[in-house]
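Q: Take the sequence shown: its position 121, counted from the start at 1, is 136 in the numbering used here, and no numbers get skipped. I have a structure I would like to understand better, so I am pasting it below and will then ask my questions one at a time.
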Amino acid sequence: MQNIILLGPPGAGKGTQAARLQATRGMIQMSTGDMLREARASGSPIGEKVKAVMDAGELVSDAIVTALIGERLDSAGQQGAIFDGFPRTQAQAEALDLLLAERGRELDYVIELVVDEDELVRRIVGRFTCAGCGAPFHDHLKQPAVPGTCDACGSHEFKRRPDDNELTVRTRMAEYRAKTAPILPYYEKRGLVRPVDGMASVEAVAAQIDAILDG
Ligand code: AP5
């Protein structure tokens, strides 16, 4: 059972690679962003609480996201975990160590997706997903084969994230630089960090990650 963190700024490809690893390796994708969006969609008290923070591109409190991850780990059984968008602060990194130790798990790798920020803004601002099945598309990089129809499920409904506008993306990048990138040394000291070229194609990034996990 492997436990890995995918670390990188917004749009680095964490979600794309985590979904692939979940599909190909039977690991569980643990995306705090997805969990928070689910909480919002359900109208739960947590969802109401985090809405404005997320829409501003700022970070939700450590206590909320750590509790969400703890619950998800409890239902993971013996499957490996892919932490996608968590941890994002030093406090979250330390909380994750505790959560893993309490469940007899160990962190194997921190995969750092190394990317160019300006390209990321272009990636994020153009993206949209199928409202039916969540398949990802992009204004410039990947339009549906038949305009207005999802390639995967045939739905005609698509959606965009409210925080995927340029202004909010710049704030999300700034949050990453200020609070998340500084946790890298915490893992470097333990020899866990494996940098990957996140500007390569989705397939090439996947191959680099596979080589690390199989190495
Ligand atoms: P979250 O949902 O985690 O968003 P994010 O980190 O900003 O990351 P994204 O989902 O935008 O990008 P990604 O790296 O997953 O890239 P993707 O694969 O989609 O968080 C949202 C908000 O929730 C935060 O701002 C915060 O408010 C809150 N939050 C979440 N976790 C939190 C935490 N732990 N603590 C506190 N607050 C938290 O790819 C992007 C696009 O590029 C897609 O269109 C994709 O198809 C394309 N693409 C991917 N890879 C490639 C490639 N190699 N080449 C070309 N295109 C590519």
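The beta carbon of each residue, even a glycine, is placed where N, CA and C say it ideally should be.
Cutting at 7 Å between CB atoms, please list the residues of its own chain near P162, excluding the five before and the five after it.
A: Locating residue 162 in the sequence shown gives position 147, where the first residue counts as 1. No residues qualify anywhere along the chain.
Q: Less than 7 Å separating the beta-carbons of R205 and I227?
A: Start at 1 with the first residue of the sequence shown, and residue 205 comes out as number 190. Start at 1 with the first residue of the sequence shown, and residue 227 comes out as number 212. Taking 7 Å as the Cβ cut-off, R205 and I227 do not qualify as a contacting pair.
Q: Whole-angstrom Cβ separation of M45 and R87, contact assumed at under 8 Å?
A: Stepping through the sequence shown from its first residue, residue 45 is reached at position 30. Stepping through the sequence shown from its first residue, residue 87 is reached at position 72. That belief holds up - the Cβ atoms of M45 and R87 are roughly 5 Å apart, short of 8 Å.
Q: Indicate the three-state DSSP secondary structure (helix, strand or coil) for K66 in the structure shown.
A: Within the sequence shown, residue 66 is the residue found at index 51, counting from 1. K66 falls in the helix class under three-state DSSP.
Q: Pairs of beta-carbons, one from the stretch 121 to 132 and one from the stretch 56 to 68, closer than 8 Å: are there three or more?
A: No contact exists between the stretch 121 to 132 and the stretch 56 to 68.
Q: Looking at the structure shown, is P151 part of a helix, part of a strand, or coil, going by DSSP?
A: For this step, residue 151 is matched to residue 136 along the sequence shown. Note: P151 maps to strand in three-state DSSP.
Q: Along the chain, where does the beta strand (DSSP E) containing T144 start, and where does it finish?
A: Position 129 of the sequence shown, counted from the first residue, corresponds to residue 144. Where T144 is concerned, the enclosing beta strand (DSSP E) stretches over 142 to 145.
Q: Kindly indicate which three-state DSSP category R138 falls into: helix, strand or coil?
A: The residue labelled residue 138 in the question sits at position 123 within the sequence shown. It is helical.
Q: Which term fits P200, buried or exposed, when burial requires 16 or more other beta carbons within 10 angstroms of its beta carbon?
A: Residue mapping note: residue 200 aligns to position 185 of the sequence shown, counting from 1. Its Cβ having fewer than 16 others within 10 Å, P200 is exposed.
Q: Report buried or exposed for Q32, applying the criterion of at least 16 other Cβ atoms within 10 angstroms of its Cβ.
A: Here residue 32 refers to the residue found at position 17 when the sequence shown is read from its first residue. Burial call: buried.
Q: Mind reading off the beta-carbon distance from T47 to I19? Whole number of angstroms is fine, and I expect it under 8 Å.
A: Residue mapping note: residue 47 aligns to position 32 of the sequence shown, counting from 1. Residue mapping note: residue 19 aligns to position 4 of the sequence shown, counting from 1. About 15 Å; that fails the 8 Å criterion.
Q: Could you check what DSSP says for L182 in three-state terms: helix, strand or coil?
A: Taking the sequence shown and counting its residues from 1, the one referred to as residue 182 is at position 167. DSSP places L182 in helix when its eight states are reduced to three.
Q: Quick one: Cα of C148 to Cα of G28, how far?
A: As a first step, residue 148 must be located in the sequence shown, where it is residue number 133. As a first step, residue 28 must be located in the sequence shown, where it is residue number 13. Spanning the two alpha carbons is a distance of roughly 19 Å.
Q: Counting only the same chain and skipping the five closest in sequence on each side, list residues whose C-beta sits under 8 Å from that of L137.
A: Sequence index remark: in the sequence shown, residue 137 carries index 122 (1-based). The sequence shown places Arg at residue 137, rather than the Leu named in the question. Here the set comprises H155.
Q: My parser needs the alpha helix (DSSP H) runs of 4 or more residues fully inside the stretch 51 to 122; what are they?
A: List check, alpha helix (DSSP H) in window: 60 to 70, 77 to 89, 105 to 117.
Q: Just curious, the beta strand (DSSP E) that D212 is in, first and last residue?
A: Residue numbering aside, residue 212 sits at position 197 when the sequence shown is read from its first letter. Segment 208 to 212, the beta strand (DSSP E) holding D212.
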